[in-house]
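Student:
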Amino acid sequence: MSTFERCVIATRESPLAMWQALHIQSRLREAYPGASVEILGMTTRGDQILHLTLSKVGGKGLFVKELEVAMQEGAADLAVHSLKDVPMELPEGFELTAVSHREDPRDAFVSSKYASLDEMPAGARVGTASLRRELMLRMNYPHLEVLPVRGNVGTRLGKLDAGEFDAMVMASAGLKRLGLEERIRAFIPVEVSLPSPGQGALGIEICAKNDVMREALAFINDPHTRACCTAERAVSRALGGSCQVPLAAYGVVEGEELWLRALVGNHRTGEAVRAEARGDWKDPEAVAAEVVRQLRDQGADAILKAVLG
Ligand SMILES: NCc1[nH]cc(CCC(=O)O)c1CC(=O)O
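If you count by the numbering used here, then the sequence shown holds residues 152 to 460, one letter each, in order.
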């Protein structure tokens with residue numbers, strides 16, 4: 152097997168992105184003692200545009216484009232992403248070569264005033280950065296005021312602590328990775344808040360022609376997590392999933408079966424349709440196709456058309 156002697160990891164410079172890049176760096180250094188593994192921190196447009204919600208500025212691609220350019224120009228050999236921030240379609244010439252074992256995929260309830268969403272009185276303010284979470288809140292807690300929030304994990308916690316919100320819904324994975332688990336007052340069950348496709352997993356992107364890095368990174372790929380995230384992303388891809396679409400999809404492998412659940416809806420009205428299917432975990436696309444068929448049979452396309460206007 153051809154090995155590499157040095158590689159450069161491209162990453163955004165948010166504390167969470169840097170944690171994730173350093174995590175992959177340490178795994179590569181452990182697997183390949185003596186290899187040079189460096190990190191190239193970059194600022195993306197998604198990091199710069201903070202006054203608008205992602206659903207208004209163009210979505211997930213804003214967090215990956217500059218990292219892909221760095222790989223194209225030879226300044227980096229791989230990019231480490233939060234998989235849920237990676238667009239469902241990669242540009243020509245790139246591939247998602249590995250998906251790591253996922254951290255806790257649940258959404259977390261963060262508040263210094265209340266112990267859970269159930270305890271919040273009518274009119275209490277919940278901050279969220281995602282239309283998926285807004286839909287969940289509209290469906291289950293229509294008496295709460297849902298407000299948009301942008302910024303990285305620390306910025307959002309700062310806004311909560313400054314009193315701009317009474318609570319925040321955020322990814323458990325981000326808080327845990329940053330050593331902020333003590334801020335989590337409650338984990339929101341996936342039955343209530345089905346996760347975003349790929350939530351909690353890391354996606355490692357390379358140039359498709361880079362055979363050396365593909366081989367070197369293969370050990371990071373977790374087959375069950377990859378199957379689940381492949382199915383989750385396939386549902387999103389089929390239904391035009393993006394930051395503009397309130398869509399949730401979550402797969403788990405149980406024995407030889409992949410159990411996939413999904414939901415799409417209208418965050419403004421709380422209208423939603425759900426579906427689930429079980430199938431061979433080695434054929435995630437087939438399981439996703441069955442879930443998409445069920446969602447479409449229940450009117451998912453019309454709901455999403457109303458959302459996108
Ligand atoms: N774009 C936000 C984002 N992207 C990845 C994570 C957390 C890590 C993960 O879920 O994989 C977060 C924070 C959040 O959703 O609260």
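Where is the CB? At the ideal position from N, CA and C, for every residue including glycine.
Please determine, among Thr279, Glu427, His418, Ala437, the residue with the shortest C-alpha to C-alpha distance to Lys456.
Tutor: Taking the first residue of the sequence shown as position 1, residue 456 is located at position 305. It is His418 whose Cα lies nearest to the Cα of Lys456.
Student: Do the region 323-339 and the region 243-263 make contact, defined as three or more Cβ pairs closer than 8 Å?
Tutor: Touching, yes, given that three or more Cβ pairs across the two stretches are closer than 8 Å.
Student: For the region 258-324, which segments carrying the beta strand (DSSP E) assignment without a break, of at least 3 residues, lie completely within its bounds, in sequence order?
Tutor: List check, beta strand (DSSP E) in window: 258-261, 276-279, 296-299, 318-322.
Student: Looking at Ala423 and Leu414, is the spacing between their C-beta atoms short of 8 Å?
Tutor: Numbered from its first residue, the sequence shown carries residue 414 at position 263. Numbered from its first residue, the sequence shown carries residue 423 at position 272. Yes. Within cutoff.
Student: So what does DSSP say about Asp362, is it helix, strand or coil?
Tutor: In the sequence shown, counting from the first residue as 1, residue 362 sits at position 211. Reduced to three states, the DSSP call for Asp362 is helix.
Student: Do Gln350 and ligand 1 come close, with the Cβ less than 7 Å from some heavy atom?
Tutor: Stepping through the sequence shown from its first residue, residue 350 is reached at position 199. Because some heavy atom of ligand 1 lies under 7 Å away, the Cβ of Gln350 counts as near it: yes.
Student: Helix, strand or coil for Ser177, going by three-state DSSP, please let me know.
Tutor: Taking the sequence shown and counting its residues from 1, the one referred to as residue 177 is at position 26. The answer is helix: DSSP assigns Ser177 an H, G or I state.
Student: Out of Ala426, Met290, Ser281, Val320, which has the shortest C-alpha to C-alpha gap to Gln395?
Tutor: In the sequence shown, counting from the first residue as 1, residue 395 sits at position 244. Of the listed residues, the one whose Cα sits closest to Gln395 is Ser281.
Student: Taking only the alpha-carbon atoms, compute the straight-line gap between Leu268 and Cys158 and give it to the nearest angstrom.
Tutor: Here residue 268 is taken as the residue at index 117 of the sequence shown, counted from 1. Here residue 158 is taken as the residue at index 7 of the sequence shown, counted from 1. Spanning the two alpha carbons is a distance of roughly 45 Å.
Student: When you measure from the CB of Met222 to every non-hydrogen atom of ligand 1, does any distance come out below 7 Å?
Tutor: The residue you call residue 222 lines up with position 71 of the sequence shown. Not so, every heavy atom of ligand 1 lies at least 7 Å from the Cβ.
Student: Three or more beta-carbon pairs under 8 Å between the region 441-450 and the region 381-394, yes or no?
Tutor: Enough Cβ pairs lie closer than 8 Å, so yes.
Student: Nearest to Ile160 by alpha carbon, out of Leu411, Gly402, Ala221?
Tutor: Here residue 160 corresponds to residue number 9 of the sequence shown, with the count starting at 1. When only C-alpha atoms are compared, the closest one is Ala221.
Student: Verify the contact flag: Lys216, CB atom, against every heavy atom of ligand 1, threshold strictly below 7 Å.
Tutor: Here residue 216 refers to the residue found at position 65 when the sequence shown is read from its first residue. Result no, Cβ not under 7 Å from ligand 1.
Student: Would you say Phe316 and Leu295 are within 8 Å of each other, going by their C-beta atoms?
Tutor: As a first step, residue 316 must be located in the sequence shown, where it is residue number 165. As a first step, residue 295 must be located in the sequence shown, where it is residue number 144. Not a contact, by the Cβ cut-off of 8 Å.
Student: Would you call the region 352-372 and the region 285-295 touching, i.e. three or more CB-CB distances under 8 Å?
Tutor: Touching, no, given that fewer than three Cβ pairs across the two stretches are closer than 8 Å.
Student: In angstroms, rounded to a whole number, what distance separates the CA positions of Val304 and Pro272?
Tutor: As a working note, residue 304 is residue 153 in the sequence shown. As a working note, residue 272 is residue 121 in the sequence shown. Computed Cα separation, rounded: 25 Å.
Student: For the alpha helix (DSSP H) containing Ile454, name the first residue and the last one.
Tutor: For this step, residue 454 is matched to residue 303 along the sequence shown. Here the alpha helix (DSSP H) through Ile454 covers 451-459.
Student: Would you say Asp236 touches ligand 1, meaning its beta carbon is less than 7 Å from a heavy atom?
Tutor: Looking up residue 236 in the sequence shown gives position 85. Correct: Asp236 has its Cβ closer than 7 Å to ligand 1.
Student: What is the DSSP secondary structure of Val188, counted as helix, strand or coil?
Tutor: Taking the sequence shown and counting its residues from 1, one reaches residue 188 at position 37. In the structure shown, Val188 sits in a strand (DSSP, three-state: E or B).
Student: Between the alpha carbons of Ala182 and His174, how many angstroms are there, rounded?
Tutor: Start at 1 with the first residue of the sequence shown, and residue 182 comes out as number 31. Start at 1 with the first residue of the sequence shown, and residue 174 comes out as number 23. If I take the Cα positions, the gap works out to 12 Å.
Student: On the three-state DSSP scale, how would you describe Phe155?
Tutor: Here residue 155 refers to the residue found at position 4 of the sequence shown. Three-state DSSP puts Phe155 in coil, outside helix and strand.
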